[in-house]
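2 protein chains.
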Amino acid sequence: MRKVQESQSGSSACLEARASFLDWLEKSRATVDAALSAHFKQLETTLGPHSRLPAAVQYSVRLGGKRLRPILVLETARVCGGEGEQAMPAALAVECLHTFSLIHDDLPAMDDDDLRRGQLTNHKVFGEALAILAGDWLAAHAFTLLAATPRAPELVAALAHATEQMIEGQGADIENEGRPADLELVRYIHARKTAALIEACCRLGALSAGAAEENVATLAQYGHHLGLAFQIMDDVLDASGAVEKLGKSVHKDAVAAKQTYPATLGLAESRAQAGREVEAALKVLDPFGSRAERLRDLARYVICRDH
Amino acid sequence: MRKVQESQSGSSACLEARASFLDWLEKSRATVDAALSAHFKQLETTLGPHSRLPAAVQYSVRLGGKRLRPILVLETARVCGGEGEQAMPAALAVECLHTFSLIHDDLPAMDDDDLRRGQLTNHKVFGEALAILAGDWLAAHAFTLLAATPRAPELVAALAHATEQMIEGQGADIENEGRPADLELVRYIHARKTAALIEACCRLGALSAGAAEENVATLAQYGHHLGLAFQIMDDVLDASGAVEKLGKSVHKDAVAAKQTYPATLGLAESRAQAGREVEAALKVLDPFGSRAERLRDLARYVICRDH
Numbered sequence: 058m059r060k061v062q063e064s065q066s067g068s069s070a071c072l073e074a075r076a077s078f079l080d081w082l083e084k085s086r087a088t089v090d091a092a093l094s095a096h097f098k099q100l101e102t103t104l105g106p107h108s109r110l111p112a113a114v115q116y117s118v119r120l121g122g123k124r125l126r127p128i129l130v131l132e133t134a135r136v137c138g139g140e141g142e143q144a145m146p147a148a149l150a151v152e153c154l155h156t157f158s159l160i161h162d163d164l165p166a167m168d169d170d171d172l173r174r175g176q177l178t179n180h181k182v183f184g185e186a187l188a189i190l191a192g193d194w195l196a197a198h199a200f201t202l203l204a205a206t207p208r209a210p211e212l213v214a215a216l217a218h219a220t221e222q223m224i225e226g227q228g229a230d231i232e233n234e235g236r237p238a239d240l241e242l243v244r245y246i247h248a249r250k251t252a253a254l255i256e257a258c259c260r261l262g263a264l265s266a267g268a269a270e271e272n273v274a275t276l277a278q279y280g281h282h283l284g285l286a287f288q289i290m291d292d293v294l295d296a297s298g299a300v301e302k303l304g305k306s307v308h309k310d311a312v313a314a315k316q317t318y319p320a321t322l323g324l325a326e327s328r329a330q331a332g333r334e335v336e337a338a339l340k341v342l343d344p345f346g347s348r349a350e351r352l353r354d355l356a357r358y359v360i361c362r363d364h
Numbered sequence: 058m059r060k061v062q063e064s065q066s067g068s069s070a071c072l073e074a075r076a077s078f079l080d081w082l083e084k085s086r087a088t089v090d091a092a093l094s095a096h097f098k099q100l101e102t103t104l105g106p107h108s109r110l111p112a113a114v115q116y117s118v119r120l121g122g123k124r125l126r127p128i129l130v131l132e133t134a135r136v137c138g139g140e141g142e143q144a145m146p147a148a149l150a151v152e153c154l155h156t157f158s159l160i161h162d163d164l165p166a167m168d169d170d171d172l173r174r175g176q177l178t179n180h181k182v183f184g185e186a187l188a189i190l191a192g193d194w195l196a197a198h199a200f201t202l203l204a205a206t207p208r209a210p211e212l213v214a215a216l217a218h219a220t221e222q223m224i225e226g227q228g229a230d231i232e233n234e235g236r237p238a239d240l241e242l243v244r245y246i247h248a249r250k251t252a253a254l255i256e257a258c259c260r261l262g263a264l265s266a267g268a269a270e271e272n273v274a275t276l277a278q279y280g281h282h283l284g285l286a287f288q289i290m291d292d293v294l295d296a297s298g299a300v301e302k303l304g305k306s307v308h309k310d311a312v313a314a315k316q317t318y319p320a321t322l323g324l325a326e327s328r329a330q331a332g333r334e335v336e337a338a339l340k341v342l343d344p345f346g347s348r349a350e351r352l353r354d355l356a357r358y359v360i361c362r363d364h
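Shown next as structure tokens:
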């Protein structure tokens with residue numbers, strides 16, 4: 058009883074990460090990794106021997122990461138009564154889409170990053186041309202995956218719209234480097250660059266499970282708040298130098314004079330704002346009761362993570 | 058009678074371009090231009106004021122061109138009994154997709170082109186970052202457009218698959234520059250880089266009109282041959298320096314030592330091969346009788362054009 062009360066209290070106190078949650082997170086990651094690996098296994102055979110494109114695609118897909126987006130798809134589907142791996146095609150699609158965005162964001166013309174998850178970025182290994190094409194291919198492939206799902210029109214609409222927003226956010230991010238930090242602009246960028254896709258993950262999961270429109274909308278709202286919390290903490294971790302262990306460069310935002318929460322509100326108020334977004338995410342989940350426990354843990358985890 | 062016999066004869070003789078055909082082509086182009094213009098009119102309002110992304114998207118969409126791909130969508134739909142502008146969303150989608158491919162192909166890391174249709178390429182005006190993003194956005198937007206159509210799952214599957222193939226073809230093209238020209242490789246590249254999308258245009262048009270699978274497959278076959286003829290002639294026009302009037306650089310393929318038909322078979326045999334593909338395209342249309350007259354004219358036009 059106490060546990061349920063705590064979980065629904067909306068507290069933004071940092072999660073004493075329960076062993077069972079971290080264990081579940083790791084198992085979910087392994088499930089996604091296995092599905093990605095199986096899906097992309099025969100890529101050389103399918104795409105032919107005439108370029109390193111299949112290798113470039115596989116390189117970035119296999120770089121790993123937390124796989125939070127596909128896990129969100131799978132878990133929101135489960136919460137809506139989805140069975141087995143019903144939502145796996147959508148989970149793979151969002152990971153393809155996310156990987157596309159990382160490859161393009163890392164390009165010299167964009168954020169010019171040499172490292173991603175402690176390893177060389179795609180263009181450092183395969184060159185810019187193949188990196189651009191690998192990103193392009195993964196974006197197209199996400200829609201190939203969604204086209205074969207039962208609620209394809211809604212899934213495609215949701216992911217395509219989120220992709221447009223993500224790109225609009227990245228455009229505003231790039232274009233406003235070096236300008237005085239502005240809170241309204243930071244909110245515009247965060248909502249599009251990060252929250253839109255995380256919101257879409259929840260929408261895709263719920264839709265894959267055949268959820269009613271009301272539940273789809275509620276979970277999308279949860280995803281929106283979660284996405285905002287996630288991006289604020291990303292800025293905080295960069296500004297506080299805490300992401301070094303991930304193999305990313307740190308303090309990059311300040312060097313590039315990016316539009317970030319810490320640049321507008323400082324570190325402490327940024328953390329508080331992330332906490333408020335998590336509280337909002339938790340509140341939205343109330344109607345789902347104990348079924349949504351993992352989603353609550355995920356929201357709390359977002360502001361406790363150190364990478 | 059004579060006209061119908063001629064049109065179905067499979068002759069690859071260069072079309073004495075009939076005034077009525079050229080008039081129709083120009084009217085169709087204007088229809089597509091108007092629809093594109095109306096569709097993208099409010100882009101700044103929709104995407105917000107925080108970057109030049111809407112301007113970069115609109116710049117390349119408005120650069121014009123022959124609009125052959127959307128015209129193919131509209132005409133194959135009409136041939137299949139489609140009414141009014143039923144196929145227009147699919148027509149706009151393929152033009153978005155095609156424009157995305159042009160913007161990315163022109164990038165410094167790819168073909169490094171300064172001019173497209175006689176005007177500066179996207180990255181020359183907006184910089185590489187925005188050009189990459191404008192391409193990305195247009196690709197995503199193509200799927201937003203298709204998601205709202207009645208046969209969305211089939212349309213999305215066809216366009217996403219064609220996009221993957223187009224990117225695979227571009228990968229093989231880029232990766233094999235400077236290697237000895239190889240006919241099998243040229244065929245692999247042409248089938249993917251160009252024919253896949255033109256084939257998809259015909260598929261999308263037929264699907265938009267609610268055509269039976271048999272007619273969809275037949276028109277896709279027509280598109281495949283048309284696409285191959287189109288790309289062979291593109292290579293021929295580049296190699297013979299005839300495309301200068303279009304505002305493109307010429308002899309670029311030879312300078313970059315690209316994999317092309319002229320490089321493997323010479324100009325005369327390349328023209329003959331293009332003619333054979335047009336013949337194959339015409340033959341495929343036989344079951345459609347006089348309804349497919351414009352599609353026949355289009356196929357003949359492809360090898361008569363001088364730009």
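Those protein sequences? They're chains A and B, same order as listed.
Each residue of the first sequence is one higher than the one before, starting from 58 at the first, in our numbering.
Each residue of the second sequence is one higher than the one before, starting from 58 at the first, in our numbering.
The beta-carbon is built from N, C-alpha and C at its ideal position, and this holds for glycine as well.
The model shown is predicted, which means the values in this text are computed figures rather than measured ones.
If you draw a straight line from the Cα of R333(B) to the Cα of P146(B), it comes to about 32 Å. Runs of the beta strand (DSSP E) lying entirely within the segment 244–275 of chain A and spanning at least 3 residues: none are present. Taking 8 Å as the threshold, the shortest C-beta distance from M167(A) to chain B falls below it. The C-alpha of S265(B) is placed about 8 Å away from the C-alpha of P207(B). Between I360(A) and Y318(A), the C-beta gap is not smaller than 8 Å, which leaves the two residues out of contact. Taking the C-beta atoms as reference points, L261(A) is found nearer than 8 Å to L212(A). Following the DSSP letters along the chain, one finds T88(A) inside the alpha helix (DSSP H) bounded by residues 76–97.
V136(A) is positioned such that its CB atom lies no closer than 8 Å to that of F287(A). Here the C-alpha atom of H281(B) lies approximately 10 Å from the C-alpha atom of T275(B). DSSP, read as helix, strand or coil, puts Q176(B) in strand. Only those residues of the segment 345–357 of chain A whose C-beta falls short of 9 Å from the nearest C-beta of chain B would be listed, and there are none. Excluding residues up to 5 positions away in sequence, L110, P111 lie with their Cβ nearer than 7 Å to the Cβ of L104(B) in the same chain. At least one CB of chain A lies nearer than 8 Å to the CB of L190(B). DSSP, read as helix, strand or coil, puts P207(A) in coil. Taking the C-beta atoms as reference points, K181(A) is found nearer than 8 Å to D171(A). Not flagged as an interface residue toward chain A: E142(B), since no C-beta distance is shorter than 8 Å. The beta carbon of V130(B) does not come within 8 Å of any beta carbon belonging to chain A, so the residue lies off that interface. Around V118(A), the same chain offers L93, F97, E152, C153, T156, L195 as residues with beta carbons nearer than 8 Å, after the five sequence neighbours per side are excluded. Counting along the chain, V307(A) sits inside no alpha helix (DSSP H), nor does DSSP assign it H or E at all. Against G284(A), chain B offers no close residue; the least beta-carbon distance is about 18 Å (beta-carbon pairs closer than 8 Å).
Under the 10 Å beta carbon count, D193(B) is surrounded by 16 or more other beta carbons and is classified as buried. Annotation: D295(B) to A199(A) spans about 35 Å, alpha carbon to alpha carbon. Contact note: Q227(A) reaches chain B through L190, using a C-beta cutoff of 7 Å and chain order. R126(A) sits close to I255(A), with the two beta carbons spaced by under 8 Å. For D163(A), the uninterrupted alpha helix (DSSP H) run begins and ends at 145–163, by DSSP.
In the structure shown, H107(B) adopts coil according to DSSP, grouped into three states. Residues of chain A with a Cβ closer than 8 Å to the Cβ of H198(B) are, in chain order, A217, E221. A Cβ of chain B is located within less than 8 Å of the beta carbon of I231(A). Here H161(A) is buried, its C-beta having at least 16 other C-beta atoms within 10 Å. About 4 Å separates the Cβ atoms of A253(B) and Q222(B), confirming a contact at the 8 Å cut-off. Approximately 5 Å separates the beta-carbon atoms of G228(A) and L190(B); this is inside 8 Å, confirming the contact. Burial is judged here by how many other beta carbons sit within 10 angstroms of a residue's own beta carbon; T102(B) has fewer than 16 and is exposed.
Residues of chain A with a Cβ closer than 7 Å to the Cβ of A204(B) are, in chain order, P210, V213, A214, A217.
Residues of chain A with a Cβ closer than 8 Å to the Cβ of L187(B) are, in chain order, G228, I231, E232.
Taking 8 Å as the upper bound for CB-CB distance, E225(B) and R244(B) are not in contact here, some 13 Å apart. Following the DSSP letters along the chain, one finds Q316(B) in no alpha helix (DSSP H), marked with neither H nor E.
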